[in-house]
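Under the working numbering, the residue at position 124 of the sequence shown is numbered 124, and the numbers go up by one with no gaps. Glycine included, every Cβ here is placed at the ideal spot set by N, Cα and C.
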Amino acid sequence: MKHNLKLGTFAFGLLALASVNAQAATTQAAAASGQAAASFAGASFGSPIAFGADWGSIGAGVFAQTLTKSKTGTRGDGAAGIAFGLGDADRYVGLETEVAIADLTTYNGNHFGDGGSLGFKLHTNLPDGAAFAVGVTGTGRWGSEKTTNRASVYAVGTKIFKIGSTSPHALVVNVGLGDEGFQELNQTTGFGKSGAGVFGSLAFYLTPQISIIADYTGRFLNAGLSVAPFKSYPLTLTLGGVNLTNRYDTNPQVAASLSYGFQF
Numbered sequence: 001m002k003h004n005l006k007l008g009t010f011a012f013g014l015l016a017l018a019s020v021n022a023q024a025a026t027t028q029a030a031a032a033s034g035q036a037a038a039s040f041a042g043a044s045f046g047s048p049i050a051f052g053a054d055w056g057s058i059g060a061g062v063f064a065q066t067l068t069k070s071k072t073g074t075r076g077d078g079a080a081g082i083a084f085g086l087g088d089a090d091r092y093v094g095l096e097t098e099v100a101i102a103d104l105t106t107y108n109g110n111h112f113g114d115g116g117s118l119g120f121k122l123h124t125n126l127p128d129g130a131a132f133a134v135g136v137t138g139t140g141r142w143g144s145e146k147t148t149n150r151a152s153v154y155a156v157g158t159k160i161f162k163i164g165s166t167s168p169h170a171l172v173v174n175v176g177l178g179d180e181g182f183q184e185l186n187q188t189t190g191f192g193k194s195g196a197g198v199f200g201s202l203a204f205y206l207t208p209q210i211s212i213i214a215d216y217t218g219r220f221l222n223a224g225l226s227v228a229p230f231k232s233y234p235l236t237l238t239l240g241g242v243n244l245t246n247r248y249d250t251n252p253q254v255a256a257s258l259s260y261g262f263q264f
């Protein structure tokens, strides 16, 4: 069924942006929580979070996901992206700009960079380890993304709860509202239903470098383990499962993202 391919393509784009955000956004979360770290594990696995990149922050990431060819008519593929920040979210607001490339292989008849889109997030940091953001993903589409996806607008709030005064543990709670890709699928059109859908994630940090994530995108239930293996280098690896509840007659899939963030 054609809509299954659209589901996979949307997951490519959304999680690619999540992988780009993993370092730039969670570095802000680390600062807000009072935990000093040069690297930080991810806080979501599909949903956008409210923390974002400021001026001088850049993140780059790659993402890969399996797809069952017998059900979708396609194979697994990957995506890549880059994000950079403007402004100052501590004093006023920051603007994070993201570019995602949806095609990395020729498995499905496309070539590298055949499709892609832009994303923008306006975000501000609040007291006590909280943040709020409004944004859009999947806008400015080109190539294959013009027909397989639509832009999605969202608003999201994120709060960090420290567990104990000396414990390295923390819980990041993330809740938002969004349309289109954050909404239930209209199986007639293959796009999102009208109205707004609820999305959110929970990330439990064993240490600043290791987090366990549960994420509901408004369409899929995902779960993953995120690791920042080097304390001195802002590299983040997240591995997990996508669509764990077999939504829309599509099997659960394995997905992974790798991202790197830096300051200049």
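Review point. GLU96 bridges to which residues according to DSSP?
Key: According to DSSP, GLU96 shares a beta bridge with GLY85 and LYS121.
Exercise for review: Could you tell me which residues DSSP puts in a beta bridge with ALA255?
Suggested key: GLN65 and GLY240
Practice item. Enumerate, from N- to C-terminal direction, the unbroken beta strand (DSSP E) stretches of 3 or more residues contained entirely within the region 166 to 211. Key: 170 to 178 and 197 to 207
Exercise for review: Under 6 Å Cβ to Cβ from PRO252, same chain only, skipping five residues before and after it: list those, please.
Suggested key: GLY241, ASN243 and LEU244
**Study point:** Cα-Cα separation between GLN187 and PHE230, rounded to whole angstroms
**Key:** Take the alpha-carbon of GLN187 and the one of PHE230: they are about 44 Å apart.
**Study point:** THR250 - DSSP class collapsed to helix/strand/coil
**Key:** coil
Check your understanding: To which residues of the same chain is LEU122 closer than 7 Å at the C-beta, ignoring the five residues directly before and after it?
Key -> VAL93, LEU95, ALA133, VAL134 and GLY135
Review point. So which of LEU237, THR189 and GLY119 has the shortest CA-CA distance to PHE40?
Key: Of the listed residues, the one whose Cα sits closest to PHE40 is LEU237.
Review point. What residues match up with ASN222 in a beta bridge as DSSP calls it?
Key: ASP215
Practice item. Just tell me which of PHE204, TYR205, THR137 and GLY181 has its CA closest to the CA of VAL194. Key: The question names Val, but residue 194 in the sequence shown is Ser. For SER194, the closest of PHE204, TYR205, THR137 and GLY181 by C-alpha to C-alpha distance is GLY181.
Practice item. Determine, using beta-carbon pairs with one atom in the region 42 to 51 and one in the region 139 to 150, whether at least three such pairs fall under 8 Å. Key: no
Check your understanding: With distances taken between CB atoms, is the gap from GLY61 to GLY81 smaller than 8 Å?
Key -> yes
Review point. Based on the DSSP output, what are the partners of TYR260 in its beta bridges?
Key: ALA60 and LEU235
Practice item. Return the first residue and the last residue of the alpha helix (DSSP H) that THR158 is part of. Key: Note, THR158: premise wrong, no alpha helix (DSSP H); beta strand (DSSP E) at 152 to 162.
Point to revise | Sequence-distant residues of its chain with Cβ nearer than 7 Å to GLY346 (five each side left out) | key: This structure leaves residue 346 out entirely; the chain is present only between 1 and 264.
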